[in-house]
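Student: To start, I am sharing the structure in question, which I have written as structure tokens.
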Amino acid sequence: MTDVAVDIRDLTRRFGTLTAVSHLTLAVQRGEVFGLLGPNGSGKTTTIRMLCGLLEPTEGTATVAGVDVRAAPERVKTQIGYMSQRFGLYEDLTVRENLEFYGGIYGLSGAAQRDREGQVVAFLGIGGRLGQLAGQLSGGWKQRLALGCALLHHPPVLFLDEPTAGVDPAARRNFWRAIHELAQSGTTVLVTTHYMDEAERCDRLGMMSVGHLIALGTPGEVARQVGGTTLEDAFIILQEQDER
Amino acid sequence: MRRLWPMVRKEFIQMRRDRLTLGVMFGIPVVQLLMFGFAIQTDVRHIPTVVDDESRTPESRDIIHALENTGNFRIVAYLTGRAALDDAIARGRAQAGIVVPNAYARNLGRGSTATVQVIVDASDPLSSQSALAAAAGVAQVRNLELLAAAAGRSTLPLDVRVRPRYNPGLRSPVYIVPGLVGLILTMTMVLVTAVAIVRERERGTLEQLIVTPITKTELMLGKITPYVGVGLFQMTAVLLLGRFVFDVPLVGSVGLLYGVSLLYIIASLALGLFISTLVQTQQQAMQMSFFFMLPSILLSGFMFPREAMPVAFQWLSLLIPLTHFLKILRGILLKGVGAGPILSPMLVLCGFAVALIGLAVRRFHKTLD
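From first to last, the protein sequence lines are chains C and E. Counted from 1, the first sequence has number 119 at position 122 by the working numbering; the numbering is strictly sequential. Counted from 1, the second sequence has number 1044 at position 21 by the working numbering; the numbering is strictly sequential.
Okay, here's the thing in structure tokens:
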């Protein structure tokens, strides 16, 4: 197997006359934390949804962990963990019930399921909340639970769509610590964000604007390519261009 | 199919926590049954009646009593003059009026035709019908008695005996309760499933679910399986209440009844799933369910006999699964028939179930667009 975990070529998605993602080409290495940065409406979420098999690409190809998302979207789903922007777990189930449900859905059972749940619970430190209804958790705990449910089946690739929206800074720092630990153990992470401090924590970034990839590289390289000294400058320059 | 069980288990937990929906699902059969069973009587009796007896003779009182004794007319007032009588009916104080003209007894005695007028408020056709029938019945019996007496016979030449089979008392609950089993199953099964998948979509939980390797068959079956149990429970509740509160007989095979009902429940759940694939919001799901429900109530033969409908509507009603299920229900519950006589509606239900499941599976996609 090559060391490319996510290989995107000419990926395009149109909704009617609107082109949400246009001829996107990029490759994410195994074990890399790759950030997709860009203002709202730049096509980040559409890209992730295509990579997860949730949306069919209009043109182009993409492989995730070696699996073609167009030819075998259902096989892709066994290889990935996914966290959507919006909390997607069951608020009327407890933390434990959510974990048990997703464990079952990912094909775990019996002792293997209990072991894996225990590992995930310990990794994310959610042991004290197991009996609580997910709907009653704060943003930070919800996010940890969502990550936990996405990790149960040891996915080689993780897709995180603005995972820290509405989460306080301390919880965000903890979350990113967990992300880097996962990357070190070989998990590939593709994350979207519009927080600059988060973008700085990525190994590499792709910056998107109205569906196009306009810069690609380390955070420093991306800032220079767009024409700012810092990433924040670059982002603001970009947003002003969009608004014009 | 190994992911089916976690899905079913999750649905049960959620169902248990959603007290309101749970209450509605289990409350509906009881409330509907009591409502339909007690309130809806298609045989209208004791309609308020005013009398203008201008004859004031034993003969006139005799014919008035004969009408009253049918049980269809309840005399609320004796008035003087047609104007007062018309006024009482117009104001709604009475729904029928009996006028016995001055010459009634005289004409009767002379052997010429004596007239009695029965005026019925037909703005409500259902209640006027039984009053009209009762009046005509009284007139016929009276005529025959008088003719027989004039001809010097003590017995009548012809005796036709009508036997209402399967519902000898002609009671409404006997007719309504089996239909109600079908109606309640239609209402809850279609609506609940139609809403169930759309709710996941609205809450954002469907997105998380469809990025997992769960197959769409596992997802859909997991969604509907718990409601099969709910449907069977509802049905049992209606049958038991019908049996012990309204004395509705259950003469046929219970096994056959539950077997066919299971088929109907599956068809209804599949219809609900199909609806959920057509709509975006819970509100739309409810609207579509009600759009389907109304013809089910009105055209299936639940309330109004299909035989009375124009032929085009009779054909149309064949497209409604409840029409066929009602034939089966009344057949098993009231007539006690076996599988033979209801084979064709059973096959039609099978067809509906297969077609609706096929449609739902075809329409449902594990993608967001």
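All C-beta atoms, glycine included, are put in the ideal place defined by N, C-alpha and C.
Note down the Cα distance separating E:Tyr1189 from E:Ala1378, rounded to an integer number of angstroms.
Tutor: 34 Å
Student: Can you tell me whether C:Met(-2) is helix, strand or coil according to DSSP?
Tutor: Below a pLDDT of 50, predicted positions are generally treated as unreliable, and C:Met(-2), at 47, falls in that range; no measurement from the model is reported.
Student: Does DSSP classify C:His150 as helix, strand or coil?
Tutor: coil
Student: At 9 Å on the CB atoms, spell out the chain D contacts of C:Phe172, in chain order.
Tutor: The displayed structure is made up of protein chains C and E, and chain D is not among them.
Student: Roughly how many angstroms lie between the CA atoms of E:Val1384 and E:Arg1097, to the nearest whole one?
Tutor: 59 Å
Student: Quick check: the segment 1110 to 1128 of chain E against the segment 1086 to 1100 of chain E, are there 3 or more CB pairs under 8 Å?
Tutor: The segment 1110 to 1128 of chain E is in contact with the segment 1086 to 1100 of chain E.
Student: Assign E:Met1311 to one of three DSSP states: helix, strand, or coil.
Tutor: In the structure shown, E:Met1311 falls within a helical segment according to DSSP collapsed to helix, strand and coil.
Student: Taking E:Ala1293 and E:Ile1220 to be in contact with their CB atoms under 8 Å, please state how far apart those CB atoms are, rounded to whole angstroms.
Tutor: Incorrect: roughly 12 Å between the Cβ atoms, too far for contact.
Student: Are E:Val1355 and E:Val1283 closer than 9 Å when you measure CB to CB?
Tutor: For the sequence presented, residue 1355 of chain E should be read as Ile rather than Val. Going by C-beta atoms, E:Ile1355 is nearer than 9 Å to E:Val1283.
Student: To the nearest angstrom, how far is the alpha carbon of E:Val1399 from that of E:Asp1076?
Tutor: Residue 1399 of chain E lies beyond the stretch modelled for chain E, which goes from 1024 to 1392, so this question has no answer here.
Student: Excluding the 5 residues preceding and the 5 following C:Asp4 in the sequence, name in chain order all residues of the same chain whose CB lies nearer than 6 Å to its CB.
Tutor: Ala24, Thr60
Student: Please identify the residue among C:Arg27, C:Met80, C:Ala69 whose C-alpha is closest to the C-alpha of E:Gln1231.
Tutor: C:Met80
Student: Alpha carbon to alpha carbon, how far is C:Val30 from C:Ala231? Give it in angstroms, no decimals.
Tutor: 20 Å
Student: Enumerate, from N- to C-terminal direction, the unbroken beta strand (DSSP E) stretches of 3 or more residues contained entirely within the segment 1127 to 1178 of chain E.
Tutor: Complete beta strand (DSSP E) runs here, min 3: 1140 to 1143.
Student: Leaving out five residues before and five after C:Gly101 in sequence, what residues of the same chain have Cβ atoms less than 8 Å from its Cβ?
Tutor: Closer than 8 Å at the Cβ level, and outside the excluded window around C:Gly101, lie Gln110.
Student: Got a sec: is the Cβ-Cβ distance from C:Lys41 to anything in chain E below 9 Å?
Tutor: no
Student: Using beta-carbon positions only, say whether E:Asp1270 and E:Pro1196 come within less than 9 Å of one another.
Tutor: Yes, Cβ-Cβ distance for E:Asp1270 and E:Pro1196 is below 9 Å.
Student: Kindly list, in the order they appear in chain E, the residues whose Cβ is closer than 9 Å to that of C:Lys74.
Tutor: Ile1233, Val1234, Thr1235, Pro1236, Ile1237, Lys1389, listed in chain order.
Student: Count the C-beta pairs between the segment 6 to 16 of chain C and the segment 42 to 56 of chain C that are closer than 8 Å, then say yes if the count reaches three, no if not.
Tutor: yes
Student: Is the Cβ-Cβ distance between E:Leu1357 and E:Leu1339 less than 9 Å?
Tutor: No. Outside cutoff.
Student: Indicate whether C:Ala196 and C:Gly28 have their beta-carbon atoms separated by less than 9 Å.
Tutor: No, the pair does not count as a contact, with Cβ atoms beyond the cut-off.
Student: At a Cβ threshold of 9 Å, is E:Gly1254 touching chain C?
Tutor: no
Student: List the residues of chain E whose Cβ lies closer than 9 Å to the Cβ of C:Leu90, in chain order.
Tutor: Lys1033, Ile1036, Gln1037, Arg1040
Student: Closest Cβ-Cβ distance between E:Arg1026 and chain C: below 9 Å?
Tutor: yes
Student: Would a C-beta distance cut-off of 9 Å place E:Met1369 and E:Leu1214 closer than the cut-off?
Tutor: Between E:Met1369 and E:Leu1214, the C-beta spacing is not below 9 Å.
Student: Shortest alpha-carbon distance to C:Ile77 belongs to which of C:Thr22, C:Ser39, C:Thr215, C:Cys146?
Tutor: Checked all of C:Thr22, C:Ser39, C:Thr215, C:Cys146; the closest Cα to C:Ile77 is C:Cys146.
Student: Within 10 Å of its beta-carbon, does E:Pro1328 have 16 or more other beta-carbons around it, so buried, or fewer, so exposed?
Tutor: exposed
Student: Near C:Met(-2), what residues of its chain come up, given a Cβ to Cβ distance below 8 Å and the 5 sequence neighbours on each side ignored?
Tutor: Note that C:Met(-2) scores a pLDDT of 47, beneath 50, so its modelled location is shaky; the value from the coordinates is reported in the next line. Correct list, in chain order: Gly63.
Student: For a minimum of 4 consecutive residues, which ranges assigned as the alpha helix (DSSP H) are wholly contained in the segment 1222 to 1292 of chain E?
Tutor: 1228 to 1233, 1239 to 1268
Student: Would you give the residue range spanned by the alpha helix (DSSP H) that E:Pro1071 belongs to?
Tutor: From DSSP, E:Pro1071 is part of no alpha helix (DSSP H) but of the beta strand (DSSP E) over 1070 to 1076.
Student: Under 9 Å, Cβ to Cβ, is there at least one residue of chain C near E:Met1048?
Tutor: no
Student: Using the Cα positions of C:Glu237 and C:Thr227, report the straight-line distance between them to the nearest angstrom.
Tutor: 16 Å
Student: Helix, strand or coil, according to DSSP, for C:Glu159 in the structure here?
Tutor: C:Glu159 sits in coil when the DSSP states are folded into three classes, being neither helix nor strand.
Student: Measuring only between beta-carbons, confirm whether C:Glu94 sits less than 9 Å from chain E.
Tutor: yes
Student: Select from the segment 1213 to 1225 of chain E all residues with a C-beta closer than 7 Å to any C-beta belonging to chain C, and list them in chain order.
Tutor: none
Student: For the segment 104 to 118 of chain C, which residues have a beta carbon sitting closer than 9 Å to at least one beta carbon of chain E?
Tutor: Cβ contacts with chain E come from Gly104, Ser106.
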